[in-house]
Amino acid sequence: MNNYETVKKCAMHGLGLSLLPKTTVTAETQKGYLAILPLEYPNFKLHVQLCYHAKKQLSLPMQAFVQLMCTSTQHVPLSLEQANKALPL
Numbered sequence: 090m091n092n093y094e095t096v097k098k099c100a101m102h103g104l105g106l107s108l109l110p111k112t113t114v115t116a117e118t119q120k121g122y123l124a125i126l127p128l129e130y131p132n133f134k135l136h137v138q139l140c141y142h143a144k145k146q147l148s149l150p151m152q153a154f155v156q157l158m159c160t161s162t163q164h165v166p167l168s169l170e171q172a173n174k175a176l177p178l
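Numbering (this note's numbering), first residue to last: 90 to 178.
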């Protein structure tokens, strides 16, 4: 699923949990349809894709932004045991 509305509707129908930007669920939380669970995991990482129109030329500021976003950072993968300790359920 790649549509916020679809993901929100699934959560509202009890089909699971989702990670969404807070701004996309403001109305639903104010109406009591969804609840926000506070997450405080400083090492939490979300893998996303940066997409743009393949046939359009990017402006210089956009090229700089893409370069900044695509700069890789070093990280050390956690073992399953370390991950379970880091993110208790």
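Backbone N, C-alpha and C define an ideal beta-carbon position, used for all residues, glycine too.
None of these values were measured; they are calculated from a predicted model.
Considering only C-alpha positions, which residue in the set the options is nearest to residue i?
{"i": "L123", "options": "L104, L139 and C140", "result": "L104"}
{"i": "T115", "options": "S148, S107 and I125", "result": "I125"}
{"i": "P31", "options": "K98, P110 and P150", "result": "No information on residue 31 is available, as it lies outside the stretch 90 to 178 that the chain covers here."}
{"i": "Y141", "options": "F133, M158 and P131", "result": "M158"}
Since I believe residue j is in contact with residue i (beta carbons under 8 Å), could you give me their beta-carbon distance rounded to a whole number of angstroms?
{"i": "L108", "j": "L135", "result": "7 Å"}
Quick check: what's the CA-CA separation for residue i versus residue j?
{"i": "A100", "j": "L106", "result": "6 Å"}
{"i": "G121", "j": "L147", "result": "41 Å"}
{"i": "N132", "j": "A143", "result": "33 Å"}
{"i": "A153", "j": "E129", "result": "31 Å"}
{"i": "Y93", "j": "T112", "result": "11 Å"}
{"i": "K145", "j": "M151", "result": "12 Å"}
{"i": "P177", "j": "L149", "result": "Note on P177: pLDDT 41, under 50, position unreliable in the model; the coordinate value appears next. Taking the straight line from one Cα to the other gives about 43 Å."}
{"i": "V155", "j": "Q119", "result": "35 Å"}
{"i": "T95", "j": "T160", "result": "31 Å"}
* Minimum length 4: unbroken alpha helix (DSSP H) runs contained in the stretch 99–149 -> 115–119
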